[in-house]
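As given, the protein sequences belong to chains S and E, one line each in that order. Residues 16 to 123 (the working numbering) are what the first sequence spells out, left to right. Residues 585 to 816 (the working numbering) are what the second sequence spells out, left to right.
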Amino acid sequence: MNTALKVLTTFTLWFSVGYVIADQLPNVGQKDKKFSVEKLQVNVGDTVTFTNDDPFFHNVFSLSPAATFDLGSYPQGESRDITFEEAGEVQVECAIHPSMQMTIEVTE
Amino acid sequence: MILNRVGTHRLARFLTLTVLCLLFVNVNANDTDVDHGARVYLERCALCHGSKGLGEGPMALLVHDYPNTSLKTTDDPSQSIRDIVKFGTTLSSSNELSPPWRHELEASEIAAVTAFVEALRNDFSRAQQILASVDIPPERIDGRKIYRARCESCHGATGAGDGRMSRIIKNPAPSDLTLSSLPLEEIIAIISSGGKAMGRSERMPPWGQELVYAELISVANYLTTLRIAEAE
Ligand SMILES: [Cu+2]
Chain S
16 MNTALKVLTT FTLWFSVGYV IADQLPNVGQ KDKKFSVEKL QVNVGDTVTF
66 TNDDPFFHNV FSLSPAATFD LGSYPQGESR DITFEEAGEV QVECAIHPSM
116 QMTIEVTE
Chain E
585 MILNRVGTHR LARFLTLTVL CLLFVNVNAN DTDVDHGARV YLERCALCHG
635 SKGLGEGPMA LLVHDYPNTS LKTTDDPSQS IRDIVKFGTT LSSSNELSPP
685 WRHELEASEI AAVTAFVEAL RNDFSRAQQI LASVDIPPER IDGRKIYRAR
735 CESCHGATGA GDGRMSRIIK NPAPSDLTLS SLPLEEIIAI ISSGGKAMGR
785 SERMPPWGQE LVYAELISVA NYLTTLRIAE AE
């Protein structure tokens, strides 16, 4: 009985934690003039957060056919969101630091 | 006493004139600054403001509802041009789209690009001559973005000739660039002079007035990467 309860609690916790993690918005940091990941895979309709962890501005944008956006310039500690509506490969760049590049694969 | 005051006024006027003359001489002596600034401009600012300063950068052309980024204006700017370049967004909360450059460019580069933006405002045709003579390696320019902004509507995302406008442009339709075998010099010639000047369809526009030379070269180089044979 006691063991059964423990197992149940553990499972419930495990599943809810798993659920929360899965439900969390993917976050891409900008640190040392680099994106924290080079590649990311998301589904159509997912929102990705871009957080600036550098003590200077970044300006995240993409001109890819699957997603064309400019998140503007924002300082350390701030972040901007973008929701992907179309499947395809999205090349994400920074308008201030041309060497910053990453790819987001948006799948159905 | 009165004479003295008149004397002071004369002196003040003389000094003001001298300072103005010096400023003027200084503006002319800044030609190298403006040249350097034009180069910084093409590498850092043309993405949004366009390679001619007319606001036709790929960002401005492609992002929905982007503000007008033309720098050809005689309106008084909200702040000194130098401060806008240095601090960008941080100056006003209303527009986040203008990046600050103070951590990214050297003080000399900020001074030079400021001088160039001022040249665009004060003497647009001279600024265009300077832009045209900037010696910038085509590798420093992203031909892919130029293609997206200027060519994709007809030639399509992959170059297959199936862009949005191919529905209304027929006989001939926009070329399938993946199958093109045109040598590089002829690609550059048709992009620069347009179809008509080359005895081909006038529906292929001339881009020589729209793009600077390094952009023509980099978009031409990009076209060769779209070729199927090349990719194999
Ligand atoms: Cu950046």
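Just so it is clear, CB atoms sit at the ideal spot from N, CA and C, and this is done for glycine as well.
- From the listed residues 108/S, 110/S, 117/S, 123/S, the smallest Cα separation to residue 101/S is found for 123/S.
- Proximity of the beta carbon of residue 782/E to ligand 1 is not indicated: no heavy atom of the ligand is located closer than 6 Å.
- Under a criterion of Cβ atoms nearer than 9 Å, no residue of chain S is adjacent to residue 761/E; the nearest Cβ is some 16 Å distant.
- By the neighbour-count definition (other C-beta atoms within 10 Å, threshold 16), residue 798/E is a buried residue.
- At least one heavy atom of ligand 1 lies less than 6 Å from the C-beta of residue 73/S.
- Under a 10 Å Cβ-count criterion, residue 719/E is classified as exposed, with fewer than 16 other Cβ atoms of the shown protein chains found around its own Cβ.
- For a Cβ distance threshold of 8 Å, nothing in chain E lies close to residue 82/S: the least Cβ distance comes to about 11 Å.
- Look at residue 110/S: its C-beta is under 7 Å from a C-beta on chain E.
- Excluding residues up to 5 positions away in sequence, 718, 720 lie with their Cβ nearer than 7 Å to the Cβ of residue 623/E in the same chain.
- Taking 7 Å as the CB threshold, residue 74/S lines the interface with chain E.
- Its Cα nearest to that of residue 731/E, the residue 646/E stands out among 617/E, 646/E, 689/E, 616/E.
- Sequence-distant partners of residue 786/E (beyond 5 residues in either direction) whose C-beta falls short of 6 Å from its own C-beta, in its chain, are 779, 780.
- Between residue 704/E and residue 655/E, the CB-CB gap stays under 7 Å.
- Under the rule that a run must span 4 or more residues, the alpha helix (DSSP H) segments found entirely inside the region 634 to 661 of chain E read 642 to 646.
- Checking the 6 Å criterion, the Cβ of residue 112/S is within range of a heavy atom belonging to ligand 1.
- Inclusion of residue 727/E and residue 738/E in the CB contact set at 7 Å is not warranted, their separation being larger than that value.
- For residue 713/E, the enclosing alpha helix (DSSP H) has its first and last residue at 708 to 717.
- Apart from the 5 residues on each side of it in sequence, residue 631/E sits with its Cβ closer than 7 Å to the Cβ of 641, 642, 643 in its chain, given in chain order.
- With a 10 Å radius around the Cβ and a threshold of 16 neighbouring Cβ atoms, residue 657/E comes out exposed.
- Of the residues 764/E, 699/E, 709/E, the one whose Cα lies closest to the Cα of residue 805/E is 764/E.
- Taking all protein chains in view, the Cβ of residue 754/E is surrounded by fewer than 16 other Cβ atoms within 10 Å, so the residue is classified as exposed.
- For residue 632/E, the shortest C-beta to heavy atom distance toward ligand 1 is 6 Å or greater.
- For residue 729/E, the closest alpha carbon among the candidates 650/E, 693/E, 803/E, 619/E is that of 803/E.
- The C-beta separation of residue 696/E from residue 620/E comes to about 4 Å, placing the pair in contact by the 8 Å criterion.
- Approximately 6 Å separates the beta-carbon atoms of residue 46/S and residue 69/S; this is inside 8 Å, confirming the contact.
- Taking a C-beta distance under 7 Å as the contact criterion, residue 724/E and residue 698/E do not qualify as a contact pair.
- A straight line joining the alpha-carbon of residue 67/S with that of residue 109/S spans about 11 Å.
- By the neighbour-count definition (other C-beta atoms within 10 Å, threshold 16), residue 73/S is a buried residue.
- For residue 682/E, the secondary structure class from DSSP, reduced to helix, strand or coil, is coil.
- Within the region 691 to 716 of chain E, not one residue has a Cβ closer than 9 Å to any Cβ of chain S.
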